[in-house]
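Residues are numbered in the working numbering as their position in the sequence shown, beginning at 1, plus a constant of 39. Idealized CB from N, CA, C, for every residue including glycine. Computed from a predicted model, the values in this text were never measured in an experiment. For reference, the structure is listed below as structure tokens.
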Amino acid sequence: VGFTRGVCSAVGTIAQMRGLPVAGKTVSADANVSEVRGAVASLRQANPEVLVGCVYVSVCHRVLESMRELDFNPKATILTICVTADDFVQTMGLRGLYVIGA
């Protein structure tokens with residue numbers, strides 16, 4: 040199991056154990072912009088307080104861009120991989136503000 044799946048495989052289970060609703064969406068590691076935007080739009084409709092995204096770098100950037108375009112701003116956004124990359128702030132600029140990395 041890769042890092043992203045290993046880190047995030049228990050998120051849904053832990054949330055449910057604590058009585059938190061889970062609205063999951065899955066896209067492939069090479070999902071294009073429209074696939075990611077569709078998943079983000081569905082998540083926006085669910086109106087979660089927290090978004091936990093287990094993503095790879097290219098999809099991470101697409102998620103954040105789609106969130107901005109769709110005006111989707113949960114109270115917390117936690118994403119794997121890309122947030123801890125050395126060039127995250129330079130690449131994402133203001134779109135990356137207030138995103139927590141794992």
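Fully contained in the segment 81-114 are the following alpha helix (DSSP H) runs of length 4 or more, in chain order: 96-108. Remark: C-beta atoms of valine 94 and threonine 119 approach each other more closely than 8 Å. A distance below 8 Å separates the beta carbons of arginine 101 and valine 75.
About 14 Å separates the CB atoms of valine 98 and threonine 116; that is not less than 8 Å, and the two are not in contact.
A straight line joining the alpha-carbon of lysine 114 with that of glutamate 104 spans about 17 Å. Taken through DSSP and simplified to helix, strand or coil, glycine 140 comes out as strand. Contact check for glycine 77 against valine 61 fails: the beta carbons are separated by 8 Å or more. Sequence-distant Cβ neighbours of leucine 109 in its own chain, meaning closer than 8 Å and more than five residues away, are Arg76, Val79, Ala80, Arg83.
For methionine 56, the number of other beta carbons within 10 angstroms of its own is below 16, and it is reported as exposed. Within the DSSP bridge table, the entry for threonine 116 names Leu90, Val138 as partners. The beta-carbon distance between cysteine 121 and valine 91, rounded to whole angstroms, is 14 Å. This is too long to meet the 8 Å contact definition.
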